[in-house]
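J.:
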Amino acid sequence: KMYRGHFGSSHFALQQRLSTYRWGAPAMGLLEELRKMYRGAVVDLAKVGSPVALWHFVWNGILNEWMKWFGHSDRLWNFMYSNLNYVKKMEDPSQQQRYLELGDLMKKVARPNPAVLDVGCGIANALQIWREHIKSYEGIDIAKAAIEAARSAFLPDGSVHPFKFEATSFQDYVSETTFDVIVFNESLYYVKSVDGALDMALKAWRLLPRGGVLLISMSETHHAQKIWDALDQSLLQEPEIQRMSQRAVAKEGNTWTVTAYVKKAAK
18 KMYRGHFGSS
28 HFALQQRLST
38 YRWGAPAMGL
48 LEELRKMYRG
58 AVVDLAKVGS
68 PVALWHFVWN
78 GILNEWMKWF
88 GHSDRLWNFM
98 YSNLNYVKKM
108 EDPSQQQRYL
118 ELGDLMKKVA
128 RPNPAVLDVG
138 CGIANALQIW
148 REHIKSYEGI
158 DIAKAAIEAA
168 RSAFLPDGSV
178 HPFKFEATSF
188 QDYVSETTFD
198 VIVFNESLYY
208 VKSVDGALDM
218 ALKAWRLLPR
228 GGVLLISMSE
238 THHAQKIWDA
248 LDQSLLQEPE
258 IQRMSQRAVA
268 KEGNTWTVTA
278 YVKKAAK
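Those letters in the sequence shown? Residues 18 to 284, per the numbering used here, in order.
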């Protein structure tokens with residue numbers, strides 16, 4: 018407690034000093050981001066129960082941040098899912114609030130019982146929460162190991178559920194299905210460049226019919242903010258668009274911005 022208190026008071030003092038400089042606002046934002054990362058790491062570290070779990074924790078964190086800076090890789094994702102127990106990280110309660118907020122926003126702005134495409138679905142944790150409110154679900158991910166885990170969980174032998182999973186990138190993805198909602202949940206800021214992330218979002222926007230929803234969630238980082246700025250600058254120029262945002266906050270300290278871009282239905 019004494020250490021956390023000292024960290025907090027030092028952080029506040031540093032914020033006051035930074036605010037006197039022209040570059041103070043960006044620096045303060047980065048400082049707050051680092052503070053969130055520290056709090057999250059403390060929470061996650063407290064759950065580590067063995068040397069192997071500690072090894073997984075360290076390397077999952079390093080590789081996750083690496084891909085946010087330099088772009089994601091199917092090899093790294095497969096390695097994390099297959100060898101570093103990344104499934105456990107994704108199933109942790111600290112990650113669930115964003116799925117709940119996405120589902121809540123979906124119910125507010127999408128047509129009832131929508132057909133959903135989840136881009137970068139991972140092991141499809143979201144489907145467990147959304148399945149009672151949607152007509153169909155298709156999840157794609159570049160990590161084959163994640164898709165195999167999703168199929169095992171949701172498509173056991175003989176299953177007739179309206180679920181589909183495919184190991185592919187969105188850039189290569191082709192489908193004749195019309196989706197009411199296309200979701201990017203914690204996936205856009207793993208794209209190597211802001212322009213690349215924007216191109217993916219615009220492809221999704223073009224695939225949506227009138228009344229369709231582009232639903233995006235990203236944790237509150239400087240990586241995400243650059244993409245939000247590009248999305249707003251591009252999509253808000255579109256005629257007949259509605260934008261709605263809300264914030265997901267986990268009790269462990271994780272925070273996300275969840276935004277829906279809605280193509281208004283034809284009159």
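We treat Cβ as the ideally placed atom computed from N, Cα and C, and that holds for glycine.
Have a look at H73, V69, Y190 and E203 and flag the residue whose alpha-carbon is nearest the alpha-carbon of Q113.
T.: In the sequence shown, residue 113 corresponds to position 96, counting from 1. Among H73, V69, Y190 and E203, the Cα nearest to that of Q113 belongs to E203.
J.: Please name the residue, chosen from K124, H240 and I164, that lies closest to V136 on a Cα-to-Cα basis.
T.: Indexing the sequence shown from 1 puts residue 136 at position 119. When each option's Cα is compared against that of V136, the closest is I164.
J.: In its own chain, which residues sit with a C-beta less than 7 Å from the C-beta of R248, not counting the 5 before and 5 after it?
T.: By one-based count along the sequence shown, residue 248 stands at place 231. Note that residue 248 corresponds to Leu in the displayed sequence, not to Arg. Within the same chain, L248 has close Cβ partners L215 and A218.
J.: Report buried or exposed for L144, applying the criterion of at least 16 other Cβ atoms within 10 angstroms of its Cβ.
T.: Walking along the sequence shown from the start, residue 144 turns up at place 127. The residue in question, L144, is buried, as its Cβ has 16 or more Cβ neighbours within 10 Å.
J.: Compute the distance between the beta-carbons of T185 and I157, then report whether it is under 7 Å.
T.: Here the question's residue 185 lines up with position 168 in the sequence shown. Here the question's residue 157 lines up with position 140 in the sequence shown. Their beta carbons are under 7 Å apart, which means T185 touches I157 by this criterion.
J.: Terminal residues of the continuous beta strand (DSSP E) containing V198?
T.: Here residue 198 is taken as the residue at index 181 of the sequence shown, counted from 1. V198 to N202 is the extent of the beta strand (DSSP E) around V198.
J.: Output the boundary residues of the beta strand (DSSP E) element that contains Q254.
T.: In the sequence shown, the residue the question calls residue 254 occupies position 237. No beta strand (DSSP E) contains Q254, which DSSP labels as neither H nor E.
J.: State the Cα-Cα distance for the pair V177 and M107, rounded to the nearest angstrom.
T.: On the sequence shown, residue 177 is found 160 positions in, with the first residue counted as 1. On the sequence shown, residue 107 is found 90 positions in, with the first residue counted as 1. C-alpha separation (whole angstroms): 26 Å.
J.: CA-CA distance, H240 and E82?
T.: Counting from 1 along the sequence shown, the entry for residue 240 is found at position 223. Counting from 1 along the sequence shown, the entry for residue 82 is found at position 65. Cα-Cα distance, rounded: 10 Å.
J.: Indicate whether D197 and R128 have their beta-carbon atoms separated by less than 7 Å.
T.: Within the sequence shown, residue 197 is the residue found at index 180, counting from 1. Within the sequence shown, residue 128 is the residue found at index 111, counting from 1. Cβ atoms of D197 and R128: closer than 7 Å.
J.: Output needed for Y103: all residues of its chain with C-beta closer than 7 Å, excluding positions within five of it in sequence on either side, in chain order.
T.: For this step, residue 103 is matched to residue 86 along the sequence shown. Excluding residues within five positions, the ones whose Cβ falls inside 7 Å are N77 and M97.
J.: Put V126 into one of helix, strand or coil per three-state DSSP.
T.: What you label residue 126 is simply residue 109 of the sequence shown in a count that begins at 1. It is helical.
J.: Which same chain residues end up closer than 6 Å to A277 when comparing Cβ atoms and leaving out the 5 residues on each side of it in sequence?
T.: Here the question's residue 277 lines up with position 260 in the sequence shown. Contacts found: L122, V126, V230, L232 and M261.
J.: State yes or no: is the C-beta of N95 within less than 7 Å of the C-beta of A170?
T.: Taking the sequence shown and counting its residues from 1, the one referred to as residue 95 is at position 78. Taking the sequence shown and counting its residues from 1, the one referred to as residue 170 is at position 153. Not in contact: N95 and A170 (Cβ atoms no closer than 7 Å).
J.: So what's A267 in DSSP terms, helix, strand or just coil?
T.: Here residue 267 refers to the residue found at position 250 of the sequence shown. DSSP places A267 in coil when its eight states are reduced to three.
J.: For V200, which residues in the same chain have their Cβ closer than 6 Å to its Cβ, ignoring the five residues on either side in sequence?
T.: Working through the sequence shown from its first residue, we reach residue 200 at position 183. Excluding residues within five positions, the ones whose Cβ falls inside 6 Å are D135 and L232.
J.: Output needed for A265: all residues of its chain with C-beta closer than 6 Å, excluding positions within five of it in sequence on either side, in chain order.
T.: In the sequence shown, counting from the first residue as 1, residue 265 sits at position 248. Closer than 6 Å at Cβ, skipping near neighbours: Q114, R115, E118, W273 and V275.
J.: In the DSSP assignment, what residue or residues form a beta bridge with W273?
T.: Walking along the sequence shown from the start, residue 273 turns up at place 256. In DSSP, W273 forms a bridge with S236 and A265.
J.: Taking Cβ positions, are A160 and I140 nearer each other than 7 Å?
T.: Against the sequence shown, residue 160 aligns to sequence position 143. Against the sequence shown, residue 140 aligns to sequence position 123. For A160 and I140, no; Cβs fall outside 7 Å.
J.: Helix, strand or coil, according to DSSP, for V208 in the structure here?
T.: By 1-based counting over the sequence shown, the position of residue 208 is 191. Looking at V208 - three-state DSSP - the assignment turns out to be coil, as it is neither helix nor strand.
J.: Suppose contacts are defined by Cβ-Cβ distances below 7 Å. Is H73 in contact with Y207 by that definition?
T.: In the sequence shown, the residue the question calls residue 73 occupies position 56. In the sequence shown, the residue the question calls residue 207 occupies position 190. No, Cβ-Cβ distance for H73 and Y207 is not below 7 Å.
J.: Measuring straight from C-alpha to C-alpha, what distance separates E155 and Q242?
T.: Start at 1 with the first residue of the sequence shown, and residue 155 comes out as number 138. Start at 1 with the first residue of the sequence shown, and residue 242 comes out as number 225. Each residue's Cα considered, the two are about 27 Å apart.
J.: On the premise that E257 lies in contact with S111, defined as a C-beta separation below 8 Å, what is that separation, rounded to the nearest angstrom?
T.: Residue 111 sits at position 94 when you count from the first residue of the sequence shown. Residue 257 sits at position 240 when you count from the first residue of the sequence shown. About 38 Å; that fails the 8 Å criterion.
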